[in-house]
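Since the structure comes first, as structure tokens, the remarks are kept for the end.
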Amino acid sequence: MTAPRTEKFGISAAITTPFTQTGAVDTALLCAHAKSVLDQGCASVTLGGTTGEGPSLSLSETIPAYKALTAASIDPAKIVFGILQSALPDAIDAARQVSSLGCKYILVAPPYYFKGVSDAGQVAWFDQFLTAISDTGLNVILYHIPQMTAAPITPDMVGAIIKAHPSMIAGVKDSSGDWDNAMTLLDRFSDRHILIGDERMLGAAIKRGASGAICGVANIAPGLLIPLLDGKEPDKNLTPLVNALLEYPVTPVIKALVAHVTDTPAWRRVRAPLVELDQGQYELITNTYNRLFESGND
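All residue numbers for the sequence shown refer to the numbering used here, where the first residue is 15 and numbers rise by one.
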């Protein structure tokens with residue numbers, strides 16, 4: 015079970031999910047990419063999150079992907095498993111399956127289909143979920159990304175969930191981009207891992223006690239993020255890179271740059287309803303990346 019935080023969580027790459035020409039998950043390419051970002055210093059990879067197109071993947075795909083990663087000699091302790099399921103039985107099933115495979119951390123989003131649900135209703139969902147997996151020993155990271163889910167996990171909700179299940183909640187991933195919300199989480203839950211999704215905020219948040227990040231930029235430039243854990247100033251190219259990425263749909267543009275930096279065009283593929291960048295967009299973002307990092311500025 016979760017113990018009070020004693021060390022940083024580190025940088026976890028919100029790993030992108032590659033697809034074959036037929037639309038299946040390309041586990042060989044996934045494993046190679048995971049090994050690459052871990053070799054570059056990431057503490058872990060997060061499978062099936064937003065950047066990984068988790069809501070578009072079935073459990074019959076994510077469990078084999080998890081097994082492929084561990085079969086490729088990646089330590090299960092270095093794989094965070096994303097659970098972005100609104101159906102409570104599916105979320106419970108996912109958690110129990112990965113627990114049986116040695117998983118230690120899961121990233122759990124709130125149920126997000128029904129809108130206008132009360133905070134009490136969301137807390138009840140988490141209460142039932144956590145009660146059902148209380149014997150697994152899993153460390154749970156609550157996933158606050160309201161711009162995608164329209165279902166915020168407010169600091170008060172975090173407090174209520176921790177009060178009911180204090181030994182299970184490892185922390186919160188705050189992907190809202192709201193500095194005040196992140197600071198509230200850091201002030202109220204300093205004994206938990208508060209993880210930052212917006213890389214532009216990470217350096218300042220680390221100095222205020224943040225434990226690390228689960229983020230998309232770690233797919234392409236983990237070296238920009240890892241030094242921030244030691245309190246170093248952000249690289250001058252980090253904010254321009256993130257700003258450039260945010261001009262496009264985030265997952266397709268991250269995949270486009272993974273394709274670019276690895277010289278593997280297959281990485282550009284996404285699953286509907288997402289659409290890959292067109293050639294003009296691809297050239298614009300890769301030219302921006304080249305300007306930032308291939309002219310001696312990195």
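Even for Gly, the Cβ is constructed at its ideal location relative to N, Cα and C.
Quick caveat: nothing in here was measured; it's all calculated off a predicted structure.
For Phe128, the three-state secondary structure derived from DSSP is coil. In this model, Asp170 and Val256 are separated by some 30 Å (Cα to Cα).
With a beta-carbon spacing of about 6 Å, Ala219 and Ala196 fall inside the 8 Å limit used to define contacts. Here Glu308 is exposed. Its C-beta has fewer than 16 other C-beta atoms within 10 Å.
Assignment of beta-bridge partners to Gly66 by DSSP yields no partner. With contacts defined by Cβ atoms closer than 8 Å, Gly223 and Ser204 form a contacting pair. Within the model, the alpha-carbon separation for Ile228 versus Leu98 is close to 15 Å. In the three-state scheme derived from DSSP, where H, G and I count as helix and E and B as strand, Phe95 is classed as strand. Ile183 places its beta carbon less than 8 Å from that of Val154. Contact between the region 276 to 293 and the region 33 to 51 is present: 3 or more CB-CB pairs across the two stretches fall below 8 Å. In the DSSP annotation of this structure, Ser113 is not part of any beta strand (DSSP E); the continuous alpha helix (DSSP H) holding it starts and ends at Leu102 to Ser114. Using a C-beta cut-off of 8 Å, the region 244 to 256 makes no contact with the region 45 to 62, since fewer than three inter-stretch Cβ pairs fall below that distance.
Selection Ala235, Leu242 and Tyr296 evaluated against Ser225 yields Leu242 as nearest (Cα-Cα). Cβ-Cβ separation between Ala27 and Val59: approximately 5 Å, consistent with a contact (criterion under 8 Å).
Per DSSP, the continuous alpha helix (DSSP H) segment holding His274 begins and ends at Val264 to Thr276. Between the alpha carbons of Thr145 and Leu306 lies a distance of about 48 Å. CA-CA distance, Asp277 to Glu297, rounds to 14 Å. In the structure shown, Asn153 adopts extended strand secondary structure according to DSSP, grouped into three states. Within a 10 Å sphere around the beta-carbon of Asp104 sit fewer than 16 other beta-carbons, which makes this residue exposed.
The straight-line gap separating the alpha-carbon atoms of Ile176 and Thr150 is approximately 17 Å.
Distance from the CA atom of Glu213 to the CA atom of Ala134, rounded to whole angstroms, is 31 Å. In the displayed model, Ile299 falls within a helix according to three-state DSSP.
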